[in-house]
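Let me begin by presenting the structure, written as structure tokens, before commenting on it.
Protein chains: 2
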Amino acid sequence: MNKQRYAIIGAGALGGLYGAMLARQGFEVHFLLHSDFDHVREHGLKVDSIWGDMHLRDLHTHASPETMPPCDVSLIGLKTTQNHLLADLLPAPTRDGGVVLVLQNGLDVEADSAAIVGEQRVFGGCCFLCSSKVGPGHIRHIDFGKIVFGQYRPSSQSSATAAQNNSTAAMGGSKTAGGSKAADGGTTAAEGDAKAVSIGNQICQDLNSAGVPTEFSGNLALVRWRKLMWNIPFNSLSVILNASTKQIMDDPNASVLAEAIIREVHAGAAACGVEIPEAFIEKTLENTRKMVPYDSSMRLDFLNKRAMEAEAILGNPLRAAKESGYEMSRVETLYHQLRYIDQTNS
Amino acid sequence: MNKQRYAIIGAGALGGLYGAMLARQGFEVHFLLHSDFDHVREHGLKVDSIWGDMHLRDLHTHASPETMPPCDVSLIGLKTTQNHLLADLLPAPTRDGGVVLVLQNGLDVEADSAAIVGEQRVFGGCCFLCSSKVGPGHIRHIDFGKIVFGQYRPSSQSSATAAQNNSTAAMGGSKTAGGSKAADGGTTAAEGDAKAVSIGNQICQDLNSAGVPTEFSGNLALVRWRKLMWNIPFNSLSVILNASTKQIMDDPNASVLAEAIIREVHAGAAACGVEIPEAFIEKTLENTRKMVPYDSSMRLDFLNKRAMEAEAILGNPLRAAKESGYEMSRVETLYHQLRYIDQTNS
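Residue numbers (my numbering), protein chains in the order written: chain A, 23 to 368; chain B, 23 to 368.
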């Protein structure tokens, strides 16, 4: 079997790193670039990484999707605030039936890609990654990097009622690589699910072979909500309080608040039918205490006067929980604060 | 009957204005000054006010409480963050049995004065006032100014259980000038209450005669919680969002958040046995929309790197509601944010 061909849509701190790892391993990777196109074509892509520094030249670079070949997997590394561009960017690389791997922050962020290629061809995933772009074609990856992804099932993420109906089956799904609801005896679209599991397994294998620790989960909703337990408090507070993760964890008031928000998100997930073990609350706090002092992605967006992902990271979960009858008051407070700050920051 | 003698403890934006109004009317007013003492003794006190500009010379000024005569009423115009000074400042002017009128923001802020002179000699009140100190001995009063005060009854403010037990009687008390629980047939400490009502009526009459619209209420808890419905959202958001009242009300996210906070405080008051009519929510918003663009006192403290009154304005109500079994999640979020900001702002 030939190696899968990858498209990287948005080769920034995230897409650039994972694309470079795949390219270094010999995969055919096509990078769609915007502002960095000329620089990367001339000087290559430089990645300072805990996985080994790389300086990759002679990459397949594209300034427009029209020059891209059909790819098996299109990896979305754009910010969700750029999702309005997907209708122009995705059709070319996915034109022969390739799938989309949406590695964006937030909840139900796959919906925009699904509207273009169909939800059965969409995977979503979370990256536990500390990486940032430090210059044109220059990425610095300082900590973590694992990807956990799964098949996109809109009904188990965004529609609360459906999520509750599905929760038993979804929770019964294996959370280890290769598991899926269909493999456990799902009753609908079994063939489509089986095909998706096969593709998911291949992507998982590709990334692991390239040195990116990757897990294919049968429960994307669980993965996303677990990530939100970090993203909502630490992205929000880092902007609102102008603080690093370390400053938040070292302060008695900020850390108590972070924990209260984490507990609220945990309860919001439960309302949506996503049961996360209680112990994960303390684990999230403990991981953050041990983290290299880090500016969250939202804080970097704020400091660079870019739009913040308040809708994907706070707005969507807030609405999903509210539809399930649970009001996340703290998250709602943060959401409105961020929207105000976002609007005055442009 | 001789005119009452007044002490002004803390002659800033609030104490300076009311003291000047009383002095202009011919009351004997003793101003306890700190940083402005030399300036006011030499140049007098300058007040630019919507009630008429004043430049008062030859005032009774004091650099220390030791030189003050016993006064009938000591008006506290200090910030609550200065309350640790009261043990030194209050004994001299109150030494012949004078009462204390605590015109400070927050909830249960009378407790510190009550610990010194006894709670039966303490009145608390809220000022609906836009005034600020613009220079040494120079106050600018730009809008409003009404005082609503009442007898301090710790059990009806800070202890949730007691407040609930008392609520029927308290709510039955007249809210107009001169009314009080005792006058309506209170069962305990009736003589003390009758004396307090008499003193309260006299203070009310004095201030009104001096041109300060003043109301003596039989329900201080109601007055304080109603004020908190403004103070909590607008003080907090003006600091956290770095915004004026106008910027908050003009922004869809900030104004929606302000309303949600107001509703939460309204519910917190109800949990403490203080029933505020629903219509007051919209009235609070409407008054703020019509307000001259104004920096809240907390924002002025923040901008001038002074300690903020987070405990008095948010912490005390938060704890009172929690003791009654009601969690004000939004207020708690704001409280921790302000405490963090306060700590990093010094």
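We put the CB at the ideal spot given by N, CA and C, even for glycine.
Given that a residue counts as buried once 16 or more other Cβ atoms are within 10 Å of its Cβ, and exposed if not, what is residue 156 (chain B)?
exposed
Rounded to the nearest angstrom, how far is the Cβ of residue 124 (chain B) from that of residue 144 (chain B), given a contact under 8 angstroms?
That pair is a contact at about 6 angstroms.
Could you list the residues in the segment 324 to 336 of chain A with a C-beta less than 8 angstroms from some C-beta on chain B, going in chain order?
Taking 8 angstroms as the Cβ-Cβ cut-off against chain B, none of the residues of the segment 324 to 336 of chain A qualify.
Would residue 358 (chain B) pass as an interface residue toward chain A - the criterion being a Cβ-Cβ separation below 7 angstroms?
yes
In its own chain, which residues sit with a C-beta less than 8 angstroms from the C-beta of residue 147 (chain B), not counting the 5 before and 5 after it?
Result list for residue 147 (chain B): 123, 124, 125, 169, 170, 171, 172, 242, 245, in chain order.
Could you spell out where the alpha helix (DSSP H) holding residue 295 (chain B) opens and where it closes?
From DSSP, residue 295 (chain B) is part of no alpha helix (DSSP H); its letter is neither H nor E.
When you check each C-beta in the segment 253 to 264 of chain A against every C-beta of chain B, which residues fall closer than 9 angstroms?
259, 262, 263, 264
Using the rule of at least 16 other Cβ atoms within 10 Å of the residue's Cβ for burial, across every protein chain shown, is residue 220 (chain B) buried or exposed?
Label assigned to residue 220 (chain B): exposed.
Tell me whether residue 179 (chain A) is buried or exposed, calling it buried when 16 or more other Cβ atoms sit within 10 Å of its Cβ.
Since pLDDT at residue 179 (chain A) reaches only 47, below the 50 mark, its modelled position is unreliable, and the value read off the structure follows with that caveat. So residue 179 (chain A) ends up on the buried side.
Evaluate contact between the segment 353 to 360 of chain B and the segment 275 to 290 of chain A, counting only Cβ atoms and requiring at least three cross-stretch pairs below 8 angstroms.
The segment 353 to 360 of chain B, when compared against the segment 275 to 290 of chain A, does touch it at the 8 angstroms Cβ threshold.
Quick check on the burial criterion: 16 or more other C-beta atoms within 10 angstroms. Buried or exposed for residue 131 (chain A)?
buried
I'd like to know whether the C-beta of residue 276 (chain B) is nearer than 7 angstroms to at least one C-beta of chain A.
yes
Using 10 angstroms around the beta-carbon of residue 333 (chain B), count the other beta-carbons present and answer buried if the total reaches 16, otherwise exposed.
buried
Show which residues of chain A have a CB atom less than 8 angstroms away from the CB atom of residue 352 (chain B).
351, 352, 354, 355
Counting C-beta neighbours from all protein chains within 10 Å, is the total for residue 198 (chain B) 16 or more, i.e. buried, or is it exposed?
With a pLDDT of only 36 at residue 198 (chain B), under 50, the local geometry of the prediction cannot be trusted, and the value read off the model is given with reservation. Looking at its Cβ environment, which holds fewer than 16 other Cβ atoms inside 10 Å, residue 198 (chain B) is exposed.
Is the shortest distance between the beta-carbon of residue 321 (chain A) and the beta-carbons of chain B less than 7 angstroms?
False, the Cβ-Cβ gap to chain B never drops below 7 angstroms.
Give the secondary structure of residue 437 (chain A) by DSSP, where H, G and I count as helix, E and B as strand, and everything else as coil.
The requested residue 437 (chain A) is not part of the displayed model; chain A covers only 23 to 368.
I want to know whether the segment 310 to 319 of chain A touches the segment 267 to 274 of chain A - three or more CB-CB distances under 8 angstroms.
They touch, by the three-pair rule.
Once you ignore the five residues that flank residue 260 (chain B) on each side, which residues in its own chain have a CB closer than 6 angstroms to its CB?
318, 321
Any contact between the segment 84 to 99 of chain A and the segment 284 to 296 of chain A? By contact I mean 3 or more CB pairs, one from each, below 8 angstroms.
no
With 16 as the cutoff for other CB atoms within 10 Å, does residue 48 (chain B) come out buried or exposed?
exposed
Residue 232 (chain B) and residue 43 (chain B): beta carbons closer than 7 angstroms?
yes
Throw me the rounded Cβ distance for the residue 163 (chain B) and residue 98 (chain B) pair, which I believe falls under 8 angstroms.
Residue 163 (chain B) to residue 98 (chain B), Cβ: 18 angstroms. No contact.
Compute the beta-carbon to beta-carbon distance between residue 376 (chain A) and residue 254 (chain A), rounded to the nearest angstrom, for a pair I have assumed lies under 8 angstroms.
Outside the shown range of chain A (23 to 368) lies residue 376 (chain A), about which nothing can therefore be said.
Is the distance from the Cβ of residue 82 (chain A) to the Cβ of residue 52 (chain A) below 7 angstroms?
yes
Would you mind sorting residue 365 (chain A) into buried or exposed? The rule is 16 or more other CB atoms within 10 Å of its CB.
exposed
Helix, strand or coil: how does DSSP classify residue 236 (chain B) here?
Here residue 236 (chain B) sits in strand by DSSP.
Should residue 325 (chain A) be labelled buried (16 or more other beta-carbon atoms within 10 Å of its own) or exposed?
Answer is exposed; the Cβ neighbour count stays below 16.
Helix, strand or coil for residue 78 (chain B)? Go by DSSP, reduced to three states.
strand
Quick check on residue 317 (chain A) - is its C-beta less than 7 angstroms from some C-beta in chain B?
no
Give the interface partners of residue 362 (chain B) over in chain A, defined as CB-CB distance under 7 angstroms, in chain order.
263, 273, 275, 276
Does the Cβ of residue 222 (chain B) have 16 or more other Cβ atoms within 10 Å, making it buried, or fewer, making it exposed?
buried
To the nearest angstrom, how far is the alpha carbon of residue 27 (chain A) from that of residue 118 (chain A)?
Their backbone Cα atoms lie some 12 angstroms apart in a straight line.
Please report the distance separating the alpha-carbon of residue 141 (chain B) from that of residue 93 (chain B).
17 angstroms
As a quick exercise: from B:66, B:58, B:60, pick the residue whose alpha carbon is nearest that of residue 45 (chain B).
B:66
Give the range of the alpha helix (DSSP H) segment to which residue 215 (chain B) is assigned.
212 to 231
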